[in-house]
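First comes the structure, then the notes that go with it.
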Amino acid sequence: MKIIKDFLPKKQFKNIQSILMSSAFPYYYQNNYLDEKHEGNVLEDYFFVHIIKDQIDSKLNSNKNVLKNILDPIMLKLQANDLIRAKINLYPNQHKHVRSNWHIDQTTNNENVKVAIFCVNTCNGYTDFKTGQKAPSVENSIILSNANETHRSVTQTDTKTRINININYT
Amino acid sequence: MKPKIIKSFLSKTNFKNIENLVTKDNFPWYYSPNISGINGENKNHHYFTHLVFCNGQVNSTYFEYFKSILDKLKIKKLHRIKLNFYHNTQKLIVHHPHVDYIEDKVKSHKGCILGLNTCDGYTIIENKTKNGFRVKSIKNQALIFDPSVPHSSTSCTDSRARINININYE
């Protein structure tokens, strides 16, 4: 796992942040994302998502502006060749650190498949890696890992939302 | 105008149509960092909305789904239809009191809050008593009241979310 701070130029980042934190950007409510092993309350089991590219049907769900203003600058900077999946996660403040299940994003032996988690805002939520590493949520930083690295997301308690962009790519 | 409660407001079929629509994982919600519009609002106060009708204009492709409510209310003039989504919080949060505006003015008109699910959240309408007039969130129950009178919403603790529809009309 590797973290790159100040990943995008400030102006480009601020543009992404203002779009994703505005009241005009649609998010979609999801529940039942935690599995039966989850130790917390079943009522904690929700977050919001905006799928840019769905892996199952390979469809681009977002409009051209989302791709142009949000995804393209990150893909370009990553020097990515191919987009497998991309989604924006929004976790509302649940007043405790809710941990998702340990998971891997892709079951593949292809070492070229990478995961990038781009942090849109700074908060005390974080990404935990099974190796013991912890990647904090710091705005405009990106967390890079191989697709087969086990990790989980942890929600925040100090801001209204935690927003990040999850990209699986080669 | 005295607040009025109407149980089983819509027919089962009409209610189900709306309930199914807004609880689907492809229904868009828009994040709002502020509920009452008061400056310096508590950091725990935020919600998601979906504006169906506003400023004399349809604002959502789902407008047709809500016509059954308008018919039932015998509306002469529609000002706004807004869906509210308050996510679960560990402790029940009572939001700041506010009044509903029409064309930037506080003007006497009618308000209807239709509960889409049953939970421990509620609406408080200020009156001469200390606790105000409290109305529980009950599925398919409508509250008709004067929204120029200060009122507050709450979150919920016993359900993943509290969802309701707020209609301002004459």
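Sequence lines, in order, name chains F and B.
Numbering-wise (my numbering), the first sequence opens with residue 23 and increments by one.
Numbering-wise (my numbering), the second sequence opens with residue 2 and increments by one.
Each residue gets a CB set at the ideal place from its N, CA and C atoms; glycine is no exception.
Item checked: Listed by chain order, chain B residues near SER45(F) by CB distance under 7 angstroms -> Within the first sequence, numbered from 1, the residue matching residue 45(F) stands at position 23. Residues of chain B passing the Cβ test: TYR31, TYR32, SER33.
Margin query: For the region 106-120 of chain F, list every residue whose C-beta sits within 9 angstroms of some C-beta in chain B, in sequence order.
Written below: LEU112, PRO114, ASN115, GLN116, HIS117, LYS118
Check: chain B partners of ASN132(F), CB-CB under 8 angstroms?
Finding: As a first step, residue 132(F) must be located in the first sequence, where it is residue number 110. Within 8 angstroms Cβ-Cβ: nothing; ASN132(F) doesn't reach chain B, min ~29 angstroms.
Next item on the list: Starting from the beta carbon of GLN52(F), find every residue of chain B whose beta carbon is closer than 9 angstroms, and list them in chain order.
Entry: Here residue 52(F) is taken as the residue at index 30 of the first sequence, counted from 1. Chain B residues near GLN52(F): ASP26.
Next item on the list: Output the distance between the C-alpha atoms of SER167(F) and TYR148(F), rounded to the nearest integer angstrom.
Entry: One-based indexing of the first sequence puts residue 167(F) at position 145. One-based indexing of the first sequence puts residue 148(F) at position 126. Whole-angstrom Cα-Cα distance: 14 angstroms.
Checklist line | Neighbourhood of LYS109(F) by C-beta distance below 7 angstroms, restricted to the same chain and skipping five residues each side | finding: Taking the first sequence and counting its residues from 1, one reaches residue 109(F) at position 87. So the list reads VAL71, HIS72, ILE73, ILE74, ASN188, once near-sequence residues are dropped.
Notebook entry, point to check: Applying the criterion that 16 or more other CB atoms from any shown protein chain within 10 Å of the CB defines a buried residue, is PRO114(F) buried or exposed?
Noted result: If you number the first sequence from 1, residue 114(F) lands on position 92. Burial call: buried.
Notebook entry, point to check: Taking 9 angstroms as the CB-CB cut-off, is ASP159(B) touching chain F?
Noted result: The residue you call residue 159(B) lines up with position 158 of the second sequence. Interface flag for ASP159(B) against chain F is set, since a Cβ pair is found closer than 9 angstroms.
Item checked: Residues of the region 80-108 of chain B whose Cβ lies closer than 8 angstroms to any Cβ of chain F, in chain order -> Cβ contacts with chain F come from PHE86, HIS88, ASN89, THR90, GLN91, LYS92.
Next item on the list: Check the C-beta distance from ILE114(B) over to ASN165(B) and give it rounded, since I have them as a contact under 8 angstroms.
Entry: Taking the second sequence and counting its residues from 1, the one referred to as residue 114(B) is at position 113. Taking the second sequence and counting its residues from 1, the one referred to as residue 165(B) is at position 164. So it is a contact: roughly 5 angstroms between Cβ atoms.
Check: Can you pull the DSSP bridge partners for ARG81(B)?
Finding: For this step, residue 81(B) is matched to residue 80 along the second sequence. BP columns for ARG81(B) point to CYS55(B), ASN169(B).
Margin query: PHE49(B) and PHE86(B) - do their beta-carbons sit closer together than 9 angstroms?
Written below: As a first step, residue 86(B) must be located in the second sequence, where it is residue number 85. As a first step, residue 49(B) must be located in the second sequence, where it is residue number 48. Yes, the pair counts as a contact, with Cβ atoms nearer than the cut-off.
Margin query: According to DSSP, ILE164(B) sits in a beta bridge with which residue or residues?
Written below: Working through the second sequence from its first residue, we reach residue 164(B) at position 163. ILE164(B) is bridged to PHE86(B).
Note to self: So HIS47(B) contacts chain F; which residues on that side make the cut at Cβ distance below 9 angstroms?
What the structure shows: Here the question's residue 47(B) lines up with position 46 in the second sequence. By Cβ distance, chain F contributes PRO114, ASN115, LYS182, THR183.
Next item on the list: Would you mind reading off the limits of the alpha helix (DSSP H) that contains GLN52(F)?
Entry: As a position in the first sequence, residue 52(F) is number 30, starting the count at 1. Annotation: GLN52(F) is outside any alpha helix (DSSP H); the continuous beta strand (DSSP E) that includes it extends over 48-53.
Next item on the list: Using a Cβ-Cβ cut-off of 9 angstroms, state whether THR50(B) counts as contacting chain F.
Entry: Along the second sequence, read from residue 1 onward, the residue named residue 50(B) stands at position 49. At least one chain F Cβ lies under 9 angstroms of THR50(B).
Checklist line | Meets three-Cβ-pair contact criterion under 8 angstroms: the region 90-97 of chain F and the region 65-85 of chain B | finding: The region 90-97 of chain F, when compared against the region 65-85 of chain B, does not touch it at the 8 angstroms Cβ threshold.
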